[in-house]
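Quick notes on the structure that follows.
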Amino acid sequence: MTDELLGKQIGGCEIVELVGRGGMAVVYRAHQISMNRRPVAIKILPRQMLNDETYMQRFLREVHILAQLEHRNIVPVHDYGEFEGQPFIVMRYMDGGSVDDLIRRSGRLTLAQMRDFVTQIAPALDYAHLKNVLHRDLKPSNILLDDDGGAYLTDFGIARLMGDAYSGMGAVTTHGVIGTPSYMSPEQAQGKPLDGRSDVYALGVTLFEMATGARPFEGDTPYSIAVLQVTAPPPPPRSLNSALPAAVERVILKAMSKKADDRYPTAAALAEALTLAITQPEAAAPSETQPSLAINLLDTQPGLRRSDLLPPPAGAAERQPTPPQTPPP
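Basically our numbering = 1-based index in the sequence shown + 557.
Below, the structure written as structure tokens:
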């Protein structure tokens, strides 16, 4: 089926190819006519979602947030506007795919790749936090690559400005569960107040997948995966990749601690620990205090029910609720 926007001009750009469709937007490759036909990416809200206030607000929030962020490892925005009532964003086109694509092709990444990508993304994540922005959907598919090996953070569609719902100590209160369950922190899965350490957890899960080629938690439904994020310890990465250094495994597991206080305080601290674990594994000794990883709340509190652990999503039926999942783009 031919896409209706192919060949059209939007914001001074000619649409040439459909790149992908996500839960909230469609992304095209285009040529920027005024810049010697430089390739760009255009992210546009589909016409069928124009009457959905929730999607419209999320898209416009992303525009608002991206306008405040300028970092070498955040996909830059060139322009934004409306085309026949459809809001759009013009961004740099990344021709290297995503880290998710790389994992799917390779099975797992090398230590050098893991270090390279994390040390590029960590400063971008901390920069966003300094700007009071929580990403809330960090995952391999939201780390884009250029053809020179550069890594860039993208998709701020469900990001949140801390000032939108300030609840003290730089935290954000989320009203309902939102995000991708496979990567969300325990506190995000429970709809609790968030700070930058929630994104650090997601970076830890992403690092787990880079190292093993697998996600730490799988389930039949998004809700069941979210429950595991809250209650179950992640499998040791070395059980899935025996060649992984023990020091790197410790870094991953610390980043994925159930308690935010047990994680690295910043993404930069995680990147520094990973670099040390890879380059000087003998110096990356275990900490005296082990993080609260292996606590299965359902085992330690027999009277606790799974339904007690997560808030039901807004408007959910009495049958098993499913927290919304927002795939890229």
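For every residue, glycine included, the Cβ atom is placed at its ideal position computed from N, Cα and C.
- Query: At which residues does the alpha helix (DSSP H) containing GLY761 begin and terminate?
  - Reply: Translated into positions along the sequence shown, residue 761 becomes position 204. GLY761 -> alpha helix (DSSP H) spans 753 to 769.
- Where VAL620 falls: helix, strand or coil (DSSP): Along the sequence shown, read from residue 1 onward, the residue named residue 620 stands at position 63. The answer is helix: DSSP assigns VAL620 an H, G or I state.
- Message: Considering only DSSP beta bridges, list what LYS887 is partnered with.
- Response: No answer is possible for residue 887: it lies beyond the span of the chain, which begins at 558 and ends at 886.
- Message: Quick check for students: name the residue ranges of the beta strand (DSSP E) that lie wholly in the region 683 to 722, counting only runs of 3 or more.
- Response: 700 to 702, 708 to 710
- Item | ARG717 Cβ short of 7 angstroms to the ligand SAH heavy atom set | The model depicted lacks the ligand SAH and carries no ligand whatsoever.
- Buried versus exposed call for THR711 [16 or more other C-beta atoms within 10 Å across all chains shown]: For the purposes of this step, residue 711 is identified with residue 154 of the sequence shown, where counting begins at 1. Looking at its Cβ environment, which holds 16 or more other Cβ atoms inside 10 Å, THR711 is buried.
- Task: To the nearest angstrom, report how far apart TYR780 and ILE590 are at their CA atoms.
- Result: Position 223 of the sequence shown holds residue 780. Position 33 of the sequence shown holds residue 590. Each residue's alpha carbon lies about 45 angstroms from the other.
- Residue range of the alpha helix (DSSP H) that ARG807 falls in? Numbered from 1 along the sequence shown, position 250 holds the residue referred to as residue 807. It spans 803 to 812 - the alpha helix (DSSP H) in which ARG807 sits, taken as one unbroken run.
- Message: If the criterion is Cβ atoms closer than 8 angstroms, does the pair TYR637 and LEU695 meet it?
- Response: The residue labelled residue 637 in the question sits at position 80 within the sequence shown. The residue labelled residue 695 in the question sits at position 138 within the sequence shown. Not closer than 8 angstroms, so no.
- Task: Apply the 10 Å Cβ neighbour rule to ASP818 and answer buried if 16 or more other Cβ atoms are within range, or exposed otherwise.
- Result: As a working note, residue 818 is residue 261 in the sequence shown. Classification for ASP818: exposed.
- In this structure, what does DSSP give as the bridge partners for SER655? Position 98 of the sequence shown, counted from the start, is the residue given in the question as residue 655. According to DSSP, SER655 bridges with LEU701.
- Just reading off the beta strand (DSSP E) that TYR941 is part of, what are its end residues? No information on residue 941 is available, as it lies outside the stretch 558 to 886 that the chain covers here.
- Cβ separation of ARG772 and GLY736, assumed to be a contact under 8 angstroms, to the nearest whole Å: Residue numbering aside, residue 772 sits at position 215 when the sequence shown is read from its first letter. Residue numbering aside, residue 736 sits at position 179 when the sequence shown is read from its first letter. About 14 angstroms separates the two Cβ atoms, so there is no contact after all.
- Message: Assuming contact is defined by CB atoms lying nearer than 8 angstroms, are PRO794 and ALA768 in contact in what I supplied?
- Response: Taking the first residue of the sequence shown as position 1, residue 794 is located at position 237. Taking the first residue of the sequence shown as position 1, residue 768 is located at position 211. A contact, by the Cβ cut-off of 8 angstroms.
- Would you list the residues sitting across from ILE567 in a DSSP beta bridge? Locating residue 567 in the sequence shown gives position 10, where the first residue counts as 1. DSSP, once it has assigned bridges, lists CYS570 as partnering ILE567.
- Message: With three or more C-beta pairs closer than 8 angstroms as the rule, is the region 616 to 624 touching the region 664 to 682?
- Response: no
- Message: Let me check one thing: in DSSP terms, what residues is ARG595 bridge-paired to?
- Response: Here residue 595 is taken as the residue at index 38 of the sequence shown, counted from 1. Paired residue(s): GLN589.
- Taking the alpha-carbon positions, what's the ASN630 to GLN677 distance? The sequence position of residue 630 within the sequence shown is 73, counting from 1. The sequence position of residue 677 within the sequence shown is 120, counting from 1. Their Cα atoms are separated by approximately 7 angstroms.
- Task: Note down, in chain order, each residue of its chain lying with its Cβ closer than 8 angstroms to the Cβ of PHE645, except the 5 sequence neighbours on either side.
- Result: As a position in the sequence shown, residue 645 is number 88, starting the count at 1. The residues are ILE567, GLY568, ILE599, LYS600, ILE601, LEU602, TYR637, GLY638, GLU639.
- Message: Within the continuous alpha helix (DSSP H) that includes ALA824, where are the two ends?
- Response: In the sequence shown, the residue the question calls residue 824 occupies position 267. Its alpha helix (DSSP H) spans residues 824 to 836.
- GLY776: which of PRO738, HIS635, LEU626, LEU797 sits nearest, CA to CA? Taking the first residue of the sequence shown as 1, we reach residue 776 at position 219. Here the closest residue by C-alpha is PRO738.
- Unbroken alpha helix (DSSP H) run spanning GLU744, endpoints: Locating residue 744 in the sequence shown gives position 187, counting from the first residue. It spans 743 to 746 - the alpha helix (DSSP H) in which GLU744 sits, taken as one unbroken run.
- Query: Nearest CA to the CA of GLY521: which residue from LYS811, VAL632, ASN608?
  - Reply: Here the chain has residues from 558 to 886 only, and residue 521 is not among them.
- Taking MET613 as the reference, give the member of ASN593, VAL675, ILE715, SER698 with the closest Cα. Reading the sequence shown from its first residue, position 56 is the one you call residue 613. Of ASN593, VAL675, ILE715, SER698, the residue nearest in Cα terms is ILE715.
- Task: Measure the beta-carbon distance from ASP756 to LEU691 and round it to whole angstroms, keeping in mind my assumption that it falls under 8 angstroms.
- Result: Within the sequence shown, residue 756 is the residue found at index 199, counting from 1. Within the sequence shown, residue 691 is the residue found at index 134, counting from 1. Confirmed, about 6 angstroms.
- Query: Would DSSP call ILE660 helix, strand or coil?
  - Reply: Here residue 660 refers to the residue found at position 103 when the sequence shown is read from its first residue. Reduced to three states, the DSSP call for ILE660 is helix.
- By DSSP, does ILE735 sit in helix, in strand, or in coil? Counting from one through the sequence shown, the residue named residue 735 turns up at place 178. Coil, per DSSP.
- Same chain, Cβ closer than 6 angstroms to LEU801, neighbours up to 5 away in sequence not counted: Taking the sequence shown and counting its residues from 1, the one referred to as residue 801 is at position 244. If we look at LEU801 and ignore the five residues flanking it on each side, its Cβ neighbours are ALA768, PRO794, ARG795.
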